[in-house]
Structures are given as structure tokens and as C-alpha cells.
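Numbering (our numbering), first residue to last: 47 to 575. We put the CB at the ideal spot given by N, CA and C, even for glycine. The structure displayed is predicted, hence computed values, not measured ones. Before any comments, here is the structure.
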Ligand code: FAD
């Protein structure tokens, strides 16, 4: 009875907030009670979806849906669409956004991940066809575990695997394989999507391509991904993981760019993964993302003759595929390393199982959790920087604004634009090669001013201001803006397409309102582009 009253209360709130004209009893009677047994309004569940990894935004939805099937989602979205003014519906993957992207105050959050109370279809591996079908809320770690049973694995990754398939495909999904295979959105054959009208659409490059391209990188704006068919390759068994250090930024970026230019070469003549990071303060050579350098053998920046405070670390891997052994890998690695200009004798190498490499960040997560350092605010800033301006960025940001303190890992690696499908909804800089620069910082309240949320957020603002003033045409990855004008600038020439997609697939602006791209109050004819 109490649950029933709570549900009724939530529906009444929906009606007050969005002005539904349906009688609440009628709504309760026709829809919710019989058709939505998975709709939950208890405070614990509401609380559990009210914040995210960023820990900077808190928004309580009116209810939470724990769906079992695509149909459950479709029914709820249809109800929102067909009611006179609608209410918001936000899919939540694993809630690893930074700025409340999967939150909503005026509606329902759909919990897409697996839980003890729902029974989504398990990943289905089609080993002969080299793909896997997965539920949109599946975590990548579970996708990997299911495909490894067949000796197969997806080709393109994120650094961290406890993210949902639908969540990363709504952004792009990038890691060190992207230079070669493209982002995760370039490795999807087919999707099932529930559009903002509640329609269920199966789509691919050939069937309903407009929906397919719209939702990939679509920030949840055009549909909810309930199934993804992901391309697989034969899984490597092991990985040779190598790090080398640079004190000279242009030597570092030239080497990175040279290595990603080998993407069309046979497998033996290129690395499989290329990333890099900036080391600004000595303590962070072993940052939380991975404890690679042995604590028994600490690397002292001062011992490397860096001459300044900033070092750059190139991080590369070579996979052991069928037929590889440590001798063949030695030879292939040596042939590639001899063309690079890193500081002599700064090679650090380790060998490990493929799964351990892919799941490396989780180990660090467990350590941070045990020290209470995971559940802190994360004012992260991720930028795509055009290749032509990366050295200006280095001077202005790494050596300028950040001074001698980073407060967290800073990743930097280039990607080839031709591996990204222009038809998707994601935006990247207008150059053949662009860099990801990821400032993955954690705010602490330990008395040190430079680690406070205020300080780090201020630095982020300074970085964006610097780029604007220096006319470095960066694009935010996992973007966060607060005004429509900023979103229009972000999308640039793509804005009319994005707007048209919204009007076609979610004309009542129901989906993923936490992204704050489309303000429900804005009049379409007030737009100018
Ligand atoms: P959520 O935060 O739950 O949702 C993100 C957005 O997607 C929301 O707008 C939501 O409404 C929408 N959404 C969620 N599920 C669906 C769905 N099924 N259909 C449609 N829309 C949906 N990103 C990278 O690319 N590479 C990395 O290496 C990487 N590493 C990370 C490491 C950590 C520790 C963290 C916290 C984040 C990392 N990210 C990385 C960022 C991550 O990819 C995004 O934050 C992503 O959105 C998280 O997925 P999620 O499942 O938690 O999504």
C-alpha cells in the first residue's frame, strides 16, 4: 500500500511539474500499475541515480524504471511522448558521467545496467560471424568475459571497462586502439533503439541509417540503445606493454604521430595501442590509472635530465596474437622502437595477459576505493585538440596554466580522423589528426588549496578561455555546456543536422535532458545558424 501511495505521489508530481492533463488515477489505472511493475519510487533507488562519477551534480528523478526488455522502455517513452506535455526520460548506464548527463528532475531515469531484479538477455556471441549482440546496459567488462569464452574480443576499447555499452556509444568510446580501429562507434554493425516517440527501430548503415548515425555519439538525444551488435576479432593472449619517456614535447608528439600513421601497415609492423601521458609532478609518474613502474624501482624525474618540470610518457602495446612468441614480439618491438627519439634507457616493459591489460584501471580503482579516494568530486575535462595546435596547447596549458601541479593523470594521444564516421553525431576537430587531452583530476578537501574543487574548476575554465583566446579550435569530448549558444558553437556546421535529428526522433525533447542541449522553453524559430 505504501509503495502504491508513493507511486501515486510521484505521478501527481509529474503532473504538477509538466502539466499532464491525464487524471492521475486514470494514469495509474491504465498504465503504470499493470504495465509498469518495474517503476520504482522508493527513496533508496531514487537516491542511487541522483548523482554520478563527477559528484558535482545531484538531481532526484520522480521515479526509476528497472526494465527487462526493449518493450518496457518503449512503453514508458510512448507514455511520455503521447501525454500532452510529456515528461523526461533519461537512460542511465553506469552513471560514470561527470556533469549530471544521465540525471533528470522532471521524469524517470531508466536504470539500464543489470541488477538482481531484472533479467536482460545475456550477451550472445556469433563466433562464426565475428560479432556479439549485447543489451544496451551491459558493462564492457561483461561483454569481454563472454566473448573471451570463444577466444574473441571487441576491437576498440575504453581505458576502463565498468562503463555501459549504451553510455560509451552515446559518446564515442576511445582508447589507444582508436588510431587503428576507430572509436567504439566505428565498430558497431547494428542497433536496436527506442526513439523519443517510443518507436522500436532496428538500424544499421543500410537499414534506417538516419537513426543509426544519429544515436552513435548522440549523447542520448535521439534514442535509447537497447541492443548493440559489436564487431569482434580473435583475442590476443598476452600483451607487451611498454613505456618510454621524453623531455621534448615535439619529439614526443612526432613519435606518436609517426606511430599512428602506420595504421594501414600489417599487424607486425605497427603497435596495437598508442597512448601517452604528461608527467608534471614527480609523485605522479605512477599515477592512479596504473601502477606500472615498480615501487621498488621508482623513476626519479630529476634523474632523467629533463631540464624542466614536464615529462611525457609514450605508452604502447604489442599484442601476442596466434603464432606470436616472446622472440617475435621482441623483434617487432625493437624494429619499431629504433625509429623513436625518446630519452635513452627510459624503456619500461612488462608482459601480461590481455584481460589484465584491458582491465588495468579497475585495479587502480580498487586501491583508490580502499583509501576512500574514488567517491570524491571529479572535475574532469576532456578535449580534442587539432594536431596543428598541440604544441601551443603544451606551452599554454601543461607548461603554463598547470604549472607544477596536475592533481591527477593527464592523457594525451593522437587519433586519425578517417577512422571516425562523419555521419555520426559526434564532433571532432577539422584536421586529419587530432589529440585527446584528458585532464582526469580528483578534488580533495585535505587543506591543500590547489586540490580543491574550486581551484580545479577554475583551472578548467582558464584552459578553455586560453584555447578560445589563442583560437585553438578544441572540441570537448564528453561535452558539458550550460547554454544553447555554446552547444551550437560546439556542433558548428553540424548543428542544423543535430537539430533536425532532434525534431525527427525526439520532437518533444523527452530524452537525456541532463545533457542540457535542448531547452524545452526555446522556440525552434528563434534559432539562427
Ligand atoms: P552514463 O553516465 O550513465 O550516461 C551517459 C549519457 O549517455 C547520458 O546522457 C545517458 O542518458 C546516455 N545513455 C546511457 N545509456 C544509454 C543508452 N543505452 N542509450 C542511449 N543513451 C544512453 N570514455 C572513453 O571514451 N574512454 C575512456 O577511456 C574512458 N574512461 C573512463 C574512465 C572512468 C573512470 C570514467 C568515470 C569515465 C570514463 N570514460 C571514458 C567516459 C565514459 O565513456 C562516459 O562517461 C560514458 O558516458 C560512461 O558510460 P555510462 O554507462 O556510465 O553512461
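In the three-state DSSP reduction, residue 143 falls in the coil class, being neither helix nor strand. The residue among 213, 321, 122 and 133 with its C-alpha nearest the C-alpha of residue 146 is 213.
Residue 517 counts as exposed, since fewer than 16 other C-beta atoms from the protein chains shown sit within 10 angstroms of its C-beta. With respect to the 9 Å criterion, residue 480 and residue 268 are not classified as neighbours on the basis of their beta carbons. In this structure, residue 456 places its C-beta atom within 9 Å of the C-beta atom of residue 486. The C-alpha of residue 89 lies about 13 Å from the C-alpha of residue 111. Annotated three-state conformation of residue 269 is strand, per DSSP.
Short of 6 Å from the beta carbon of residue 275, and not among the five residues preceding or following it, lie these beta carbons of its own chain, in chain order: 177, 179, 235 and 236.
Taking residue 440 as the centre and dropping the five residues before and after it, the same chain places the C-beta of 295 closer than 6 Å to its C-beta, in chain order. Ranked by Cα distance from residue 82, the first of 91, 394, 114 and 102 is 114.
If you look at residue 416, you'll find it in the alpha helix (DSSP H) that goes 406-416. Secondary structure in the region 137-207: the alpha helix (DSSP H) runs of 4 residues or longer, each lying completely within the stretch, are 186-194 in chain order. Residue 493 is classed as exposed because its beta carbon has fewer than 16 other beta carbons within 10 Å across all chains shown.
Secondary structure of residue 503 (DSSP, three-state): helix. For residue 308, no alpha helix (DSSP H) run applies, since DSSP gives it neither H nor E.
Residue state for residue 441 is assigned as helix, using DSSP reduced to three classes.
Spatial neighbours of residue 501 in its own chain (CB-CB distance under 7 Å, excluding positions within 5 residues in sequence) are listed in chain order as 495.
For residue 522, the enclosing beta strand (DSSP E) starts and ends at 521-523. In this structure residue 253 is exposed. Its beta-carbon is surrounded by fewer than 16 other beta-carbon atoms within 10 angstroms. DSSP places residue 473 outside any alpha helix (DSSP H), giving it a letter other than H or E. Residue 555 carries a coil assignment under DSSP once its states are collapsed to helix, strand and coil. Residue 215 has its alpha-carbon roughly 9 Å from the corresponding atom of residue 232. The beta carbons of residue 266 and residue 298 sit no closer together than 9 Å.
The straight-line gap separating the alpha-carbon atoms of residue 463 and residue 564 is approximately 27 Å.
Remark: C-beta atoms of residue 156 and residue 189 do not approach each other more closely than 9 Å. Set against 8 Å, the gap from the CB of residue 358 to the closest heavy atom of the ligand FAD is not smaller.
The C-alpha of residue 469 lies about 8 Å from the C-alpha of residue 260. For residue 114, there is no enclosing beta strand (DSSP E), as DSSP gives it neither H nor E. Sixteen is the threshold: since fewer than 16 other Cβ atoms of the shown chains lie within 10 Å of the Cβ of residue 395, the residue is exposed. The DSSP assignment places complete beta strand (DSSP E) segments of no fewer than 3 residues inside the region 361-411 at 393-399, in order along the chain. About 11 Å separates the beta carbon of residue 503 from that of residue 424, a gap too long to meet the 8 Å contact definition. Non-local beta-carbon contacts of residue 143 in its own chain, meaning distances under 6 Å to residues more than five positions away in sequence, involve 98 in chain order. Taking the Cα positions, residue 318 is about 8 Å away from residue 222. In this structure, the ligand FAD has a non-hydrogen atom nearer than 8 Å to the beta-carbon of residue 138. The beta carbon of residue 218 sits closer than 8 Å to at least one heavy atom of the ligand FAD. Under the three-pair Cβ rule at 8 Å, the region 237-247 counts as touching the region 553-560.
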